[in-house]
Amino acid sequence: MSEYTEQDTPFIIRLIDENSWPDYAPDIKRVFNFEISQSSYIYRDEIFDEQEIHQWFLSRLQEKGLLLACVHAHSEKFLGFASYGRFRNFAGSLGTVEHSVYVDSVARRKGVGSFLLNEIISAAQVAGKKSMVGVIDADNLTSLHLHDKAGFIRVGCMKSLGLKWGSYRDAWFVQRMLS
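Just so we're aligned, residue 1 is where the sequence shown starts under the UniProt record's numbering, counting upward by one.
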């Protein structure tokens, strides 16, 4: 298992691969399912089951994507995760990745989201990616501000992009050039 650390933070970033996936799958599924059931920011109504979350992970591997977990440096408690995968399935788009950052509800407002976002940006840069994009619900001001601070630019707001709980939702596309 690879490990990234940053000075002066109580967080450790772990690279999730085929071998470590079983250790993190339950926490990732739990965090995803909490967001699906409690927020309007993920445009999905059904929670992930074991098979679906595993398929999601396998798709990241097949796309030559990346999945990072953030754990507490001392307790190893799972705090959140970040991932990226292909943005479009065209050869000309291979340099662009779409990312996601999720923080466990009990670990919010402690710097975990910023830490994860910075780590996934750095990993994409090391991998030679040209740009990183994200799709953020227009009402998710915390995520929008987080991305603003990390150098992302809001490149467009798409109206009624997603449907959640019977209402159509607007979403911002954000982008950061990496090279």
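For glycine and all other residues, C-beta sits at the position ideal for the given N, C-alpha and C.
Around residue 36, the same chain offers 42, 44, 47 as residues with beta carbons nearer than 6 Å, after the five sequence neighbours per side are excluded. Within 10 angstroms of the beta-carbon of residue 112 lie 16 or more other beta-carbons, which makes it buried. Between residue 138 and residue 171, the CB-CB gap stays under 7 Å.
Inside the segment 43–120, DSSP marks whole beta strand (DSSP E) runs of 3 or more residues at positions 66–72, 78–86, 96–103, from first to last along the chain. Between residue 84 and residue 61, the C-beta spacing is not below 7 Å. Using a Cβ distance threshold of 7 Å, residue 169 and residue 151 do not count as a contacting pair. In the three-state DSSP reduction, residue 173 falls in the strand class (E or B). Annotated three-state conformation of residue 32 is helix, per DSSP. Rounded to whole angstroms, the gap between the alpha carbons of residue 86 and residue 10 is 31 Å.
Around the beta carbon of residue 119, 16 or more other beta carbons sit within 10 angstroms, so the residue counts as buried. Here the C-alpha atom of residue 90 lies approximately 31 Å from the C-alpha atom of residue 167.
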